[in-house]
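Numbering (this note's numbering), first residue to last: 27 to 169.
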């Protein structure tokens, strides 16, 4: 697990360094090529608000989203709708891992859990850090 964290943090630092030089704008992020893991870099902007390197993260059922950033932050799901059954997850050493259930489209009450269609589910989440919150989204697409 320790080497996994070091690997993920190294990737995040490389992405952040590249974005700082290229004026990257948030968009839709997916998993890293050849993996089932999407990595979302979090940072605090000049006004003290937490920000993500993506407005929306697009994943498939069974995949993971790794949020990495400040030592202390929380991921909180909005509108009482969550893909994981918890509405709030606190970071541990600057990392939060969200595992999307493989059967999320078959769950009994998925209609009440997210804004959705037959082919995708959308969850609004917040990043809380530094006493402030921002609101990106997670899109889960049927395979």
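Heads up, the beta-carbon is just placed ideally off N, CA and C, and yes, glycines get one too.
What does residue 76 pair with, by DSSP beta-bridge criteria?
-> On the chain shown, position 50 is the one that residue 76 refers to. The partner list for residue 76 (beta bridge, DSSP) reads 70.
List the DSSP bridge partners of residue 95.
-> Within the chain shown, residue 95 is the residue found at index 69, counting from 1. None; residue 95 has no bridge partner.
CB contact flag (residue 155, residue 76, <9 angstroms) | What you label residue 155 is simply residue 129 of the chain shown in a count that begins at 1. What you label residue 76 is simply residue 50 of the chain shown in a count that begins at 1. Their beta carbons are under 9 angstroms apart, which means residue 155 touches residue 76 by this criterion.
So, residue 166 versus residue 130, is the Cβ gap smaller than 9 angstroms?
-> Translated into the one-based positions of the chain shown, residue 166 becomes position 140. Translated into the one-based positions of the chain shown, residue 130 becomes position 104. Closer than 9 angstroms, so yes.
If we ignore side chains and look at the alpha-carbon of each, how far apart do residue 144 and residue 128 end up?
-> As a working note, residue 144 is residue 118 in the chain shown. As a working note, residue 128 is residue 102 in the chain shown. Distance between the alpha carbons of residue 144 and residue 128: 15 angstroms.
Say whether the stretch 101–113 touches the stretch 53–65, bearing in mind that this needs 3 or more beta-carbon pairs closer than 8 angstroms, one atom from each stretch.
-> no
Three-way DSSP call (helix, strand, coil) for residue 104 in this model | The residue labelled residue 104 in the question sits at position 78 within the chain shown. It is coil, neither helix nor strand.
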